[in-house]
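Enquirer: Pasting in a structure now, in structure tokens, and then I'll have a few things to ask.
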Amino acid sequence: MTQYLVYDVGGTNLKYALMDHSGNILTKGKVVSPDNLPAFKQALIDIADQFEGEFTAIAMCAPGKIDVHEKTIYYGGALTYLDGFNLEENLGARYQVPVSVENDGKAAALAEQWLGELKGVDTGAMMTLGTGVGGGIIANGTLLHGRDFQAGELSWMLLRAGEGLEKITSYTAYLCSAVQMIERINEALGNDQLDDGLAAFAAINRQESVASDIFKDYCANIAQMILNVQTVINGEKIVIGGGISAQPILLDEINYQFEKLLSSNEMLGGQIIPPEIVAAHFQNDANLYGALYALLLQLDENN
């Protein structure tokens, strides 16, 4: 049985799995993400050495701008030491196997295209709501990378131009951030645990006015982001990912706010055909599946 070693590099944890060609996870684990490059490289090697001889290729997804051809990570999101890290030089050459590396948001989109909500969809988008907004665009059945591999990086979409271009609060990175929304609700509730998502959504589901108002405003921002993307791609389906996508009230409110947005303008409502807006199929292991699918597509192309 052909097996692959897959890494999902995150700001908090470095996840890994041994997977087969069909996407079955044979074994998986995680370690705390190192805070420096030498320790990061050693962690990758320690993991790979556990499975040496059992894998025929290595896949990785990570934050940052990813040159999928050169197998190089740039910027690296919260892990700034990853800037310039080349997977071929560090793991491919060591273990003499093919390697691939993809942006984590685009990996989530690929997971949905392979085995999830974007399967069989010609044109659509994945929007991952977390600290900012990650994601990927599927156009004509293919993941869109763009000239500099930045297509689908939705955090820098401008929603509040009148509030000042220099302010992060004008962009989706803040306005559509699940983390910021949860913190604002907990702060308004007087909860010292600002990152307590369960407490925030408990208040939302109880329809407490202060939580409900912040939540509805947040979903209206998401609806605006979807509209802006939809005017460009005319997609069939928009998939919402991130931990909060497991909350049914989120999709209900986003759909309501999108319909409200279209009904606010007769010409807009008459011309924009609403896409299907759904929750992602994959949650915690989405990036592992997507990273593997990126590798499989690369291997098929090379063959």
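Quick note, the sequence shown lines up with residues 1 to 303 if you use the working numbering.
Cβ coordinates follow ideal geometry from the N, Cα and C atoms, glycine included.
Quantities reported herein were computed from a predicted structural model and do not represent experimental measurements.
According to DSSP, what are the bridge partners of Ala-100?
Expert: In the sequence shown, the residue the question calls residue 100 occupies position 100. As written in the sequence, residue 100 is Ser, which differs from the Ala given in the question. For Ser-100, which the question treats as bridged, DSSP gives the partners Ala-59.
Enquirer: How big is the Cα-Cα spacing for Asn-140 and Trp-114?
Expert: Counted from its first residue, the sequence shown places residue 140 at position 140. Counted from its first residue, the sequence shown places residue 114 at position 114. Going by the C-alpha atoms only, they are around 14 angstroms apart.
Enquirer: With a CB to CB cut of under 6 angstroms and the five nearest residues on each side skipped, what residues in its chain are close to Glu-309?
Expert: Within the shown structure, residues of the chain are numbered from 1 to 303, placing residue 309 beyond reach of any answer.
Enquirer: Going straight from the alpha carbon of Asn-284 to that of Leu-292, what length do you get?
Expert: Here residue 284 corresponds to residue number 284 of the sequence shown, with the count starting at 1. Here residue 292 corresponds to residue number 292 of the sequence shown, with the count starting at 1. Asn-284 and Leu-292: Cα-Cα distance of roughly 15 angstroms.
Enquirer: Can you tell me where the beta strand (DSSP E) with Ala-204 in it begins and where it stops?
Expert: The sequence position of residue 204 within the sequence shown is 204, counting from 1. According to the sequence provided, residue 204 is Ile. The question's Ala does not apply to it. Element bounds for Ile-204: not the beta strand (DSSP E) but the alpha helix (DSSP H), 197-205.
Enquirer: Tell me, please, which residues DSSP counts as bridged to Tyr-74.
Expert: Looking up residue 74 in the sequence shown gives position 74. Paired residue(s): Lys-65.
Enquirer: Measuring only the C-alpha atoms, how far is Gln-224 from Ala-246?
Expert: Residue mapping note: residue 224 aligns to position 224 of the sequence shown, counting from 1. Residue mapping note: residue 246 aligns to position 246 of the sequence shown, counting from 1. One C-alpha to the other measures close to 21 angstroms.
Enquirer: Flag this pair as touching only if the segment 217-231 and the segment 160-180 have three or more C-beta atom pairs under 8 angstroms; answer yes or no.
Expert: Yes, since at least three Cβ pairs between the segment 217-231 and the segment 160-180 fall closer than 8 angstroms, the two stretches touch.
Enquirer: Just to confirm before moving on: does the CB-CB distance between Asp-83 and Tyr-74 stay below 8 angstroms?
Expert: As a working note, residue 83 is residue 83 in the sequence shown. As a working note, residue 74 is residue 74 in the sequence shown. Yes, Cβ-Cβ distance for Asp-83 and Tyr-74 is below 8 angstroms.
Enquirer: State the beta-bridge partners of Glu-208 as determined by DSSP.
Expert: On the sequence shown, position 208 is the one that residue 208 refers to. Paired residues: none, contrary to the question.
Enquirer: Going by DSSP, which residues form a beta bridge with Asp-8?
Expert: Your numbering for residue 8 matches position 8 in the sequence shown. According to DSSP, Asp-8 bridges with Lys-15 and Cys-61.
Enquirer: Three or more beta-carbon pairs under 8 angstroms between the segment 19-27 and the segment 1-10, yes or no?
Expert: Judged by Cβ distances under 8 angstroms, the segment 19-27 makes contact with the segment 1-10, as three or more pairs qualify.
Enquirer: Decide if Leu-198 is buried, meaning its Cβ has at least 16 other Cβ atoms within 10 Å, or exposed.
Expert: Sequence index remark: in the sequence shown, residue 198 carries index 198 (1-based). By the neighbour-count rule (16 or more Cβ atoms within 10 Å), Leu-198 is not buried but exposed.
Enquirer: Hey, out of Thr-56, Val-32 and Phe-201, whose CA is closest to Leu-299's CA?
Expert: Looking up residue 299 in the sequence shown gives position 299. Leu-299 has its Cα closest to that of Thr-56, out of Thr-56, Val-32 and Phe-201.
Enquirer: Can you tell which of Leu-18, Glu-88 and Thr-80 has the C-alpha that lies nearest to the C-alpha of Glu-54?
Expert: Here residue 54 refers to the residue found at position 54 of the sequence shown. Closest option to Glu-54, Cα to Cα, is Leu-18.
Enquirer: Under a three-way DSSP split, which group does Glu-163 fall into?
Expert: Sequence index remark: in the sequence shown, residue 163 carries index 163 (1-based). Here Glu-163 sits in helix by DSSP.
Enquirer: Provide the residue(s) that pair with Leu-158 in DSSP beta bridges, ordered along the chain.
Expert: Along the sequence shown, read from residue 1 onward, the residue named residue 158 stands at position 158. DSSP lists Tyr-171 as partners of Leu-158.
Enquirer: If Glu-112 and Ala-280 are in contact, beta carbons under 8 angstroms, what's the gap, nearest whole angstrom?
Expert: As a first step, residue 112 is located in the sequence shown; it is residue number 112 there, counting from the start. As a first step, residue 280 is located in the sequence shown; it is residue number 280 there, counting from the start. That pair is a contact at about 6 angstroms.
Enquirer: Taking just the CA atoms, how far does Asn-228 sit from Ser-155?
Expert: By 1-based counting over the sequence shown, the position of residue 155 is 155. By 1-based counting over the sequence shown, the position of residue 228 is 228. Cα-Cα distance, rounded: 13 angstroms.
Enquirer: Any chance you could list the alpha helix (DSSP H) runs of at least 4 consecutive residues sitting entirely within the segment 246-273, in chain order?
Expert: The segment 246-273 contains these whole alpha helix (DSSP H) runs: 248-263 and 266-271.
Enquirer: For Gly-290 and Asp-46, I'd like the C-alpha separation in whole angstroms.
Expert: Walking along the sequence shown from the start, residue 290 turns up at place 290. Walking along the sequence shown from the start, residue 46 turns up at place 46. Looking at the two C-alpha atoms, the distance is approximately 23 angstroms.
Enquirer: Go to Ile-244, then tell me how far its alpha helix (DSSP H) extends in each direction, as first and last residue.
Expert: Against the sequence shown, residue 244 aligns to sequence position 244. No alpha helix (DSSP H) holds Ile-244; DSSP gives it neither H nor E.
Enquirer: Nearest chain D C-beta to Ala-139 closer than 8 angstroms, yes or no?
Expert: Looking for chain D here will not work: only one protein chain is present.
Enquirer: Using a threshold of 8 angstroms, state whether the C-beta atoms of Thr-128 and Gly-134 are closer than that.
Expert: Reading the sequence shown from its first residue, position 128 is the one you call residue 128. Reading the sequence shown from its first residue, position 134 is the one you call residue 134. Yes, they are a contact pair.
Enquirer: My guess is that Leu-288 and Asp-8 are in contact by the Cβ rule of under 8 angstroms, so how many angstroms apart are they, rounded?
Expert: Position 288 of the sequence shown, counted from the start, is the residue given in the question as residue 288. Position 8 of the sequence shown, counted from the start, is the residue given in the question as residue 8. Correct: roughly 5 angstroms between the Cβ atoms.
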